[in-house]
Amino acid sequence: MDRQHPLVVDGVTKRYVFGPFVLRGLSHTFAPGTATALVGPNGSGKSTLLRVLSALSAPTEGHVRYGELDVHESPHAFLASVGVVHDQPDVPGYLTAVETLEWIARERGAWDEAAPERHSALLDAVRLDERREALTRTYSSGMTRKTQVAAALAGAPAVLLMDEPFRALDTEATEAALDLIAAFRDGGGLVVLSSHRADLLDRLCDDRLVLG
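Residue numbers for the sequence shown, in our numbering: 7 to 218.
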């Protein structure tokens with residue numbers, strides 16, 4: 007994927023129906039080759055912003071642009087360049103981890119004869135070993151999160167949007183996920199993430215966007 011485009015938030019406001027403003031007039035540019043931490047207290051809009059950035063939620067006002075694309079006018083074109091880790095487990099329970107990565111790669115147009123080897127290396131990297139051929143509905147929360155992190159990278163993305171990617175991971179898997187995300191960033195990828203682990207954000211991130 008082309009990793010030269012910034013992700014630009016332009017005057018984004020988000021208000022839920024009959025609810026409070028969660029984001030108000032937010033503007034920020036996320037640059038390729040950087041990892042940006044979203045920081046702020048609970049309820050400050052970190053997860054909401056990640057949902058807006060990943061086209062799961064439309065802004066009340068404003069725009070998000072990636073290159074020439076308006077993210078919410080052309081969500082499918084944008085998401086072809088994106089890997090996402092949602093806050094909640096969301097892998098298909100009727101697939102194995104191996105099948106989940108293949109599904110993502112095919113959806114993103116990143117499937118080729120070398121893909122199985124790349125995916126095996128990703129699952130090795132996140133320390134998902136003996137259960138990768140089992141259905142994900144039988145997984146623990148930690149195994150599900152490992153699958154999510156590997157799946158986010160399986161489609162050869164240019165952008166990673168990650169909400170609490172280290173949640174439920176043990177120390178070894180956390181270090182492995184950090185290494186994968188850092189390597190993606192160092193290769194020119196654009197990363198936006200939130201985590202309650204401030205120590206991990208300090209190690210990984212070049213920039214911070216304070217919300218709330």
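We put the CB at the ideal spot given by N, CA and C, even for glycine.
Integer Cβ distance of residue i from residue j, believed to fall under 8 angstroms
i     : j      : result
Ala60 : Leu167 : Reading off the sequence shown, one finds Ser at residue 60, where the question assumed Ala. Yes, they are in contact, since the Cβ atoms of Ser60 and Leu167 sit about 5 angstroms apart, within 8 angstroms.
Gly46 : Leu206 : Their Cβ separation, rounded to whole angstroms, is 16 angstroms, which puts Gly46 and Leu206 out of contact at 8 angstroms.
Leu56 : Val198 : 7 angstroms
Leu44 : Leu215 : 5 angstroms
Thr54 : Pro95  : About 19 angstroms; that fails the 8 angstroms criterion.
Nearest neighbour of residue i, chosen from the options [CA to CA]
i      : options                           : result
Arg137 : Thr35, Leu101, Arg112 and Tyr72   : Leu101
Asp212 : Thr42, Val18 and Gly49            : Thr42
Ala174 : Gly161, Arg191, Gln154 and Ala131 : Gln154
Ala64  : Ser50, Val104 and Val23           : Val23
Gly99  : Leu62, Ser146 and Ser201          : Ser146
Arg143 : Ala156, Asp176, Gln10 and Thr106  : Thr106
Cross-strand partners of residue i (DSSP beta bridge)
i      : result
Arg21  : Phe27
Ala41  : Val197
Glu79  : Its beta-bridge partners do not exist; DSSP assigns none.
Leu13  : Phe36 and Tyr72
Leu215 : Leu44
contact_flag[the stretch 107-116, the stretch 68-78] where n(CB pairs < 8 angstroms) is 3 or more: no
What are the start and end residues of each continuous alpha helix (DSSP H) run of 4 or more residues lying completely inside the stretch 156-213, in chain order? Counting only runs of 4 or more, we get 177-192 and 204-210.
Counting Cβ pairs closer than 8 angstroms, one from the stretch 82-97 and one from the stretch 123-130, do we hit at least three? no
Enumerate, from N- to C-terminal direction, the unbroken alpha helix (DSSP H) stretches of 4 or more residues contained entirely within the stretch 85-146. 103-113 and 121-131
Closer than 8 angstroms is the cut-off here; do at least three beta carbon pairs connect the stretch 36-45 with the stretch 87-104? Counting C-beta pairs closer than 8 angstroms gives fewer than three between the stretch 36-45 and the stretch 87-104, which falls short of the contact rule.
Return the chain-ordered ranges of every beta strand (DSSP E) run that is complete within the stretch 50-76 and spans a minimum of 3 residues. Counting whole runs of 3 or more residues, the stretch 50-76 contains the beta strand (DSSP E) stretches 67-72.
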